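These notes are about the structure you will find just below.
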Amino acid sequence: MEEQIDIIEDDPIEVRKAKRASLIDSGVDPYGHAFERTALVEQLDETYAGLEDGETTEDEVSVAGRVMARRVQGKIAFLELMDPTGTMQLFCRINALGDEAFEAIKEVDVGDWIGAHGAVMRTRRGQLSVAVDRFELLSKSLRPLPEKFHGLTDKETRYRQRYVDMIVNPEVRDVFAKRSAIVWAIRRYMEEQGFMEVETPFLNGILGGANARPFTTHFNALDRDYYLRIATELPLKRLLVGGFEKVFELGRQFRNEGMDHTHNPEFTTMEAYEAFSDLDGMMRLTRGCFQAAALAACGTLEVEYQGNLVDLSGEWRCASMIELASEGAGEPVDFSRTREELAGILERCGGHADAAWGKGKLIAEIFEEVAESKLIQPTFVTDHPLEVSPLAKKHPDNPELTQRFELFICGHEYANAFTELNDPIDQAERFRAQVAAKDLGDDEAMGYDADYIRALEYGMPPAGGVGIGIDRMVMLLTDSESIRDVLLFPHMKEEA
């Protein structure tokens, strides 16, 4: 004897499971099969924009999507169908469907996927509709959509259940459609500039290319620990040694650090390296990438971000870190000051001076405290101290500075570029300094990459290199407050 299951009628999931079981018992597959859709909602809206209220056609179409609303009035039912391009009404009459099919469509729930066939019409109230003469259940939804899913209070649920967020908040899908357009535009722009896209390893035996805390994993076949990559810089520059003169990679990086509204441990960058170029070349390339992306996503070079109007057109401001730090601090901030004086300036500006920091690091920290947040329009911040730029070429006029820029917009960094260091002796010395820092407890310092030094000893041409943060670029071009708004599946704390 089969076990009897008591269904709690006010439990919507159990009610829907009972409907599923009933469909299966009657020989109907509640999870359907392939369906040939002949039109999308957007296409129908455009084609029949001139259809008069109350007018019917003999044009038959097949549409498919998710049911977002349902209303039954006697022998008529109205369903709202959503596909990737919009929503439209399905007009269902018992006379057209027959008794059995009409009873079946009355059992359709909000959230179910259906396919429907019928003629295009416009109701007397002006609603473009399909007058359904047959339909198919394509997938039974067992879990009802939440009624109240909007607003800041639901942010965590929205990020955790992105699939639901995209159903009930269509504007979220628009953000990710723009993200796709941005990535496509960058790839097209880079290819137009003669760059070749390549792929480099995610797993690396030596930490390099940036100062960051890594994710560590164990490589069983080699019986040793490896790091998930924190940057693609060193493998890409090896390719310059090998003879490729313009290379780029667009992909994920991993840094085992904190999360906030502009940082996620797993993020996307585009890194590019060009032989015979320099910092000026990287400025042109960076500007071109942003402008191509803005036109693809927004159709304009004037975008609004969190209340700030940002002009991405034309040439962008270029200013040195020391100039901006001095301007923000209200007094000279440069290498002519003693370390104690610089530490005092930093403390007065609200920062904290670590005892291990030299003058260069202190200048960089003062800049962060007093200048970063004021850089609203695109600004290339140049001439970074050597102490915080272990992979950049020294400035020809001041060996304490490097040929490096960071791009700031609305107070946030979007790109980092160097005139690349190609002297193997100088690079080896800087690697040794990084190893010394690591021995003193700096877990973000790089390791000594002997193979990279060997590559440089074969000769790397003068080159420029740049890394662009794709997630932050998408934030800018979609006016998104948090990086989690532009990641389909952001990392979250464990669900309680």
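Going from the sequence shown to our numbering is simple: count from 1 and add 1. The beta carbon of each residue, even a glycine, is placed where N, CA and C say it ideally should be. Model, not experiment: these values are computed from the prediction.
Ranked by Cα distance from residue 141, the options 380, 417, 363, 113 are led by 113. Residue 367 and residue 399 have their C-alpha atoms roughly 20 Å apart. In chain order, 322, 403, 405 place their CB closer than 6 Å to the CB of residue 385, counting only its own chain and leaving out the 5 sequence neighbours on each side.
Here residue 109 carries a coil assignment [DSSP, helix/strand/coil].
Bridge partners of residue 406 according to DSSP: 383, 418. In this structure, the alpha-carbon of residue 136 lies about 7 Å from that of residue 115. Taking a contact to require three or more Cβ pairs closer than 8 Å, the segment 249-259 and the segment 230-239 qualify as touching. Of the other Cβ atoms in all chains shown, 16 or more fall within 10 Å of the Cβ of residue 209; this residue is therefore buried. The distance from the Cβ of residue 241 to that of residue 201 is about 13 Å, inconsistent with a contact at the 8 Å cut-off. Bounds of the beta strand (DSSP E) holding residue 310 are 309-312.
The continuous beta strand (DSSP E) containing residue 135 extends over residues 129-140. Contact annotation, residue 205 with residue 228: C-beta distance approximately 5 Å; criterion of less than 8 Å satisfied. For residue 414, the CB contacts under 6 Å within the same chain, skipping 5 residues up- and downstream, are 407 in chain order. For residue 298, the enclosing alpha helix (DSSP H) starts and ends at 280-299. Under the three-state reduction of DSSP output, residue 249 falls in the strand class.
Pairing residue 271 with residue 469 gives a Cβ-Cβ distance under 8 Å. Under the 10 Å beta carbon count, residue 433 is surrounded by fewer than 16 other beta carbons and is classified as exposed. If the five residues before and after residue 263 are omitted, its C-beta is found closer than 7 Å to the C-beta atoms of 413, 473, 484, all from its own chain and listed in chain order. According to the DSSP secondary-structure assignment, residue 411 is paired through a beta bridge with no residue. Rounded to the nearest whole angstrom, the C-alpha separation of residue 29 and residue 289 is 55 Å. A Cβ-Cβ separation of about 6 Å places residue 313 in contact with residue 292 under the 8 Å criterion. Collapsing the DSSP output to three states places residue 63 in a strand.
Excluding sequence positions up to five before and after residue 369, its CB lies within less than 8 Å of the CB of 352, all in the same chain and listed in chain order. Boundaries for residue 94: no alpha helix (DSSP H) harbours it, while the beta strand (DSSP E) harbouring it runs 87-94, taken from the DSSP string. Here the C-alpha atom of residue 250 lies approximately 43 Å from the C-alpha atom of residue 111. Here residue 175 is exposed: its Cβ has fewer than 16 other Cβ atoms, across all protein chains shown, within 10 Å. The C-beta distance from residue 421 to residue 466 rounds to 5 Å, short enough to fall under 8 Å. DSSP, reduced to helix, strand and coil, places residue 202 outside both helices and strands of the structure shown, so it counts as coil. By the Cβ-count criterion, residue 476 is buried, with 16 or more other Cβ atoms from all chains shown falling within 10 Å of its own Cβ. Nearest to residue 184 by C-alpha distance, out of 172, 171, 198, 173, is 198. Nearest Cα to residue 454 within the set 446, 481, 462, 424: 424. The bridge partners DSSP lists for residue 467 are 273, 418. Looking at the DSSP output, residue 318 shares a beta bridge with 380. Within its own chain, the residues whose Cβ lies closer than 6 Å to the Cβ of residue 159, once the five positions on either side in sequence are excluded, are 166, listed in chain order. Following the DSSP letters along the chain, one finds residue 159 inside the alpha helix (DSSP H) bounded by residues 156-161. For residue 175, the secondary structure class from DSSP, reduced to helix, strand or coil, is helix.
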